[in-house]
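Numbering (the working numbering), first residue to last: 291 to 815. For each residue, glycine too, the CB sits at the ideal point set by N, CA and C. Just so it is clear, the structure is predicted and the values come from calculations on it, not from any experiment. The structure under discussion appears below in the form of structure tokens.
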Ligand code: G4P
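This is the structure we're talking about:
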């Protein structure tokens, strides 16, 4: 197979949803239909269990296990599929945001009864920012759900994206009869808990009386009417618009019942893009370029204190990655060779000799990497698109053991490199402030500092509403702002100016009074 063919056959994507919509079930069923696993339960058992939400140790342990399912690669019908797992737990939303920077497309799972929920909305914002192509899968049709037209309106409105159904359900709950696949022009009849794969019944013309042989006359006439309505309301499906991230094809099914999953997989493979160009601070990198480039989007720490090694996940953006070859760590300006890069095929992790654009390789790391680091064959460039998001919770972090201040500083530094949380240093009193997305991270940091770095910390409350990165072309105004808000100014890890607003009112006032100042809620602008 040529290098170009290797790239073309790759589909690297993530599945996102609000917790409980069915992401884990769908992932598992895709693996099952893709032939990557043979029994259900493998992914499910790695899921962060709901009962453990208050027990962070248990969650960290499970996160440790879930390293195996961080990337699930498999070959299917000539394609190489890479599913990137995203943590469902909302305290790890930042992990999910970062994983979304490494995917070429996304499948969004929506619960047919609940519709679009908060977490989905937030994750979609990240997709929109990056123009990521999305496919929507409306799940749990075996249960009574909202009217499909209503669901489509909701998706369009809430996720701010145009939609085009490529399948259409017949009823829901106990009235659920099946799905007509507009994309394949085939009818799929629903039988609960179907474990075997049945082919769809090809019905090219839905006015064909053959339809009545399979569904009740009433269901048939409703289907015809609704399909006509769809053709009237929604424009033809435009593949280009999907690839640009402005139009989402919609499918319906029930992941638990294995229904609609294979059709989704087939449509996905045909529609979804192969690896896309990546933006750097210097130029756009095309996947077909010969020279290898890649970036670290995730670092997984080993919870076992006897094996402090971490695993850096590298997304390959261009070229042919090879084992034991010298590559340049751009941030450190250092040549590095990797003797045991790993790839993830279904549940197994194994050492690989080569990898191609779209693939994810795990590189054992003893502390050289941080999130966002770029690897090249020597070219100096840095991949963009891995912003930090404005955290929502803040606390002062203090040293609780004066004998261990070095260990504490090192520990905090490394945990921040991993992206566990963000560190700000107040310019007013020099104190360190930790900002996180979820409350759980504070406990995680405290625990890990103690167990991995033998350092103790304690937290003190700080009343903050938001941290935002500020910038202005008007130097005088920027300086004036910093002077006046001296008490609320901080620097992030990279020395950038951050404004810590203690209320939304304060932020609003600042925005109104300093018109030439830009307030950014992500660190990349
Ligand atoms: P998540 O990863 O998005 O959080 O969701 P997950 O797949 O774990 O699914 C959440 C719950 O919804 C699970 O039930 C799962 O079995 C159920 N589910 C998923 N797809 C469907 C579907 O198509 N129809 C129906 N009726 N249910 C579905 P649970 O009781 O919370 O867990 P479990 O005990 O079944 O594992």
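Reduced DSSP secondary structure (H/G/I, E/B, other) of residue i
{"i": "residue 633", "result": "strand"}
{"i": "residue 391", "result": "coil"}
{"i": "residue 640", "result": "strand"}
{"i": "residue 508", "result": "helix"}
{"i": "residue 741", "result": "helix"}
{"i": "residue 677", "result": "coil"}
{"i": "residue 590", "result": "strand"}
{"i": "residue 810", "result": "strand"}
{"i": "residue 612", "result": "strand"}
{"i": "residue 794", "result": "helix"}
{"i": "residue 781", "result": "strand"}
{"i": "residue 376", "result": "coil"}
{"i": "residue 707", "result": "helix"}
{"i": "residue 828", "result": "Residue 828 lies beyond the stretch modelled for the chain, which goes from 291 to 815, so this question has no answer here."}
{"i": "residue 538", "result": "strand"}
{"i": "residue 521", "result": "helix"}
{"i": "residue 472", "result": "coil"}
{"i": "residue 455", "result": "strand"}
{"i": "residue 406", "result": "coil"}
{"i": "residue 313", "result": "helix"}
{"i": "residue 292", "result": "coil"}
{"i": "residue 683", "result": "strand"}
{"i": "residue 344", "result": "Residue confidence for residue 344 is low, a pLDDT of 47 falling below 50, so the modelled location carries little weight and cannot support an answer."}
{"i": "residue 735", "result": "helix"}
{"i": "residue 339", "result": "Its pLDDT being 49, under 50, residue 339 is placed unreliably in this model, and the value from its coordinates should be taken loosely. DSSP places residue 339 in coil when its eight states are reduced to three."}
Cutoff 6 Å; reference residue i; Cβ partners in own chain excluding five residues on either side
{"i": "residue 438", "result": "459"}
{"i": "residue 602", "result": "586, 589, 653, 655 and 659"}
{"i": "residue 707", "result": "660"}
{"i": "residue 664", "result": "585, 620, 672 and 673"}
Proximity below 8 Å, CB of residue i to CB of residue j
{"i": "residue 542", "j": "residue 389", "result": "no"}
{"i": "residue 782", "j": "residue 714", "result": "yes"}
{"i": "residue 476", "j": "residue 490", "result": "yes"}
{"i": "residue 396", "j": "residue 422", "result": "yes"}
{"i": "residue 496", "j": "residue 470", "result": "yes"}
{"i": "residue 401", "j": "residue 544", "result": "no"}
{"i": "residue 444", "j": "residue 405", "result": "yes"}
{"i": "residue 635", "j": "residue 809", "result": "no"}
{"i": "residue 411", "j": "residue 537", "result": "no"}
{"i": "residue 315", "j": "residue 305", "result": "no"}
{"i": "residue 754", "j": "residue 792", "result": "yes"}
{"i": "residue 570", "j": "residue 689", "result": "no"}
Residues near residue i in its chain [Cβ-Cβ closer than 7 Å; skip 5 each side]
{"i": "residue 670", "result": "620"}
{"i": "residue 343", "result": "Because residue 343 carries a pLDDT of 42, less than 50, the predicted location of this residue cannot be relied on, and no value is offered for it."}
{"i": "residue 605", "result": "392, 584, 585, 587 and 650"}
{"i": "residue 807", "result": "760, 762, 767, 768 and 771"}
Residue burial classification, residue i (beta-carbon count within 10 angstroms, cutoff 16)
{"i": "residue 716", "result": "buried"}
{"i": "residue 778", "result": "buried"}
{"i": "residue 608", "result": "buried"}
{"i": "residue 784", "result": "exposed"}
{"i": "residue 532", "result": "buried"}
{"i": "residue 566", "result": "buried"}
{"i": "residue 341", "result": "For residue 341, the pLDDT reaches just 44, beneath the cut-off of 50, and the residue's location in the model is therefore unreliable, although a value from the coordinates is still provided. Under this definition residue 341 is an exposed residue."}
{"i": "residue 774", "result": "exposed"}
{"i": "residue 760", "result": "buried"}
{"i": "residue 640", "result": "exposed"}
{"i": "residue 539", "result": "buried"}
{"i": "residue 450", "result": "exposed"}
{"i": "residue 692", "result": "exposed"}
{"i": "residue 731", "result": "buried"}
{"i": "residue 339", "result": "Model confidence at residue 339 stands at a pLDDT of 49, short of 50, so the residue's coordinates are unreliable; what they give is reported in the following sentence. Residue 339 comes out exposed."}
{"i": "residue 548", "result": "buried"}
{"i": "residue 798", "result": "exposed"}
Opposing strand residues paired with residue i [DSSP bridges]
{"i": "residue 665", "result": "584 and 619"}
{"i": "residue 713", "result": "724"}
{"i": "residue 551", "result": "None, per the DSSP bridge assignment."}
{"i": "residue 626", "result": "617"}
{"i": "residue 600", "result": "591 and 655"}
{"i": "residue 302", "result": "372"}
{"i": "residue 788", "result": "759 and 780"}
{"i": "residue 364", "result": "371"}
{"i": "residue 747", "result": "689"}
{"i": "residue 492", "result": "476"}
{"i": "residue 645", "result": "611"}
{"i": "residue 401", "result": "405 and 429"}
{"i": "residue 307", "result": "399"}
Residues near residue i in its chain [Cβ-Cβ closer than 8 Å; skip 5 each side]
{"i": "residue 644", "result": "610, 611, 612 and 613"}
{"i": "residue 257", "result": "This structure gives no information on residue 257, because the portion of the chain shown stretches from 291 to 815."}
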